[in-house]
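First the structure, in the form of structure tokens, and then the observations on it.
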Amino acid sequence: MRLLMLGLGTAGSKIADAIIRPSGSSARCSDLHAIAVDNDPDVLEHLHHIEEEAKFYFPKDDIEAPELLTTRFTIDEVKAKLKSFDVGTHEAILVCAGLGGGLISLVPHLVAIIRETMFEPVFALVTIPAEEEGETRLIRAMKNLQMIRSLVDGVIIFDNQLWLDKARGELTDTTMQRGTGISDKFWLPGTSEKESVEPYDLVNRHIARRIRLLINAGEVQRGVPQTVLDTREILNTITGMSFITIGLAEEELPDMGRMGLLKQRNDTRVGRHERAARIVKLAERAVFREISAYCDFSTAKKALILLSGPEDELSMKGYMAVRKWIDESIDGFEMRSGDIPVSPRDANRVSVLIVFSGLRTVTRVQDLYERFGQKENTR
Ligand SMILES: Nc1nc2c(ncn2[C@@H]2O[C@H](COP(=O)(O)OP(=O)(O)O)[C@@H](O)[C@H]2O)c(=O)[nH]1
Ligand SMILES: [Mg+2]
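Per full-length UniProt numbering, residue 1 is the first one in the sequence shown, and the count goes up by one each step.
Following this line, the structure appears as structure tokens:
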């Protein structure tokens, strides 16, 4: 998918940078562009993959005062950058931002500018703050979520609480078993290992992996998929669909040296069963544990299932079982699915990605409304 990302604030910029980062078999994608806007020059400096001329500094105090000339000044710069792309260069726009932050206040201005010049759908990718950030931020996040929901064609929600907990757990595990490099453990081929990985960096990688798989699905693949998913179908699943969540579970396969043995085993009845069961278990994990934000997916209007991995491992039986399960579980009738066969040399793991859209709410947002809805009205 030809995607233009707009990263606002620290969270948004870092997430956009993580998405655009070349990884493993998928080299830097020329169809992917990102712009970053932040009030922290240090953050902008440390974005490694977004081009220098696509980074914009925005003075901190000016955000709340869009009428200020200095505010207009930066907005105009961003506008010029947006207009520098030829008409039709992109198929969708993704605005990334942390709901508890300040730069998210620019969304109305920026979305208006995008709508002036582009007809493509505009989505938001947002993070809900963690509990430790305090009540004020949580309340602001709820207000911002309402604001953003009415402006864009769909909101992909990531819950920082859920993902920070996971990231901290993963980092503790890795420190305990020194020797396995972080990059191996988190499947970051081709990246030089950092001295210390911040929990947020890991969260951003989890976010990026989900988005990258989704946008790469619509591309021409090397293998021949049994069911092709094109960009149009992916966009159809999420456009006009309010809240969206994305689950992803992956399993590494035994290493290459044993592939021959593995292949023999695959051809047996037990092997076939195991491959099907793996797909089903991964799908369950994607939905119940590794989802961007917990939600009651029985309220989803649409869903999308994407399998990827070495061709021999993508069990048709498992795939059909997952399709049936999701189809029967969601409220709506629109379910799409497809697969991306990859060469075992490129990626020796099986992934199951599931998107739910048209959700009325997600569990954590519902919880925040129940706790703070009253206060929000009185503030
Ligand atoms: N996932 C993720 N969330 C972040 C990151 N940095 C900050 N956040 C979250 O985003 C919210 C907004 O922070 P920030 O982006 O710095 O706000 P801004 O720069 O003022 O727009 C915070 O309340 C955090 O919940 C990050 O790197 N990754
Ligand atoms: Mg910031």
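Even glycine gets a Cβ: it sits at the ideal position worked out from N, Cα and C. Since the structure is predicted, the reported quantities are computational estimates derived from the model, not experimental observations.
- Rounded to whole angstroms, the separation of the alpha carbons of Pro41 and Leu151 is 28 Å.
- The three-state reading of DSSP puts Ile246 in strand, counting E and B together.
- Residue range 316 to 329 is occupied by the alpha helix (DSSP H) that includes Tyr319.
- With respect to His90, Glu116 sits apart: the two C-beta atoms are not nearer than 8 Å.
- Proximity of the segment 328 to 336 to the segment 291 to 299 meets the contact definition, three or more beta-carbon pairs being nearer than 8 Å.
- About 6 Å separates the beta carbon of Ile305 from that of Ile326, a gap short enough to meet the 8 Å contact definition.
- For Gly9 and Arg269, the gap between their C-alpha atoms comes out near 53 Å.
- Counted as a single uninterrupted DSSP element, the stretch harbouring Lys281 is not any beta strand (DSSP E) but the alpha helix (DSSP H) occupying residues 269 to 288.
- Across the structure, Ser13 and Asn216 are spaced so that their CA atoms are roughly 21 Å apart.
- Distances taken from the Cβ of Asp367 to the heavy atoms of ligand 1 include none shorter than 7 Å.
- One Cα belongs to Arg272, the other to Ala36, and the distance between them is close to 47 Å.
- Between Arg364 and Gln146, the C-beta spacing is not below 8 Å.
- Annotation: Thr127 is outside any alpha helix (DSSP H); the continuous beta strand (DSSP E) that includes it extends over 122 to 128.
- In this structure, Asp40 has its CB closer than 7 Å to one or more heavy atoms of ligand 2.
- Between ligand 1 and Ala130, a heavy atom-to-CB distance of less than 7 Å is present.
- For the 8 Å CB-CB criterion, Arg212 and Ile340 do not form a contact.
- Cα atoms of Val87 and Met142: separation of roughly 34 Å, rounded to the nearest angstrom.
- By the neighbour-count definition (other C-beta atoms within 10 Å, threshold 16), His33 is a buried residue.
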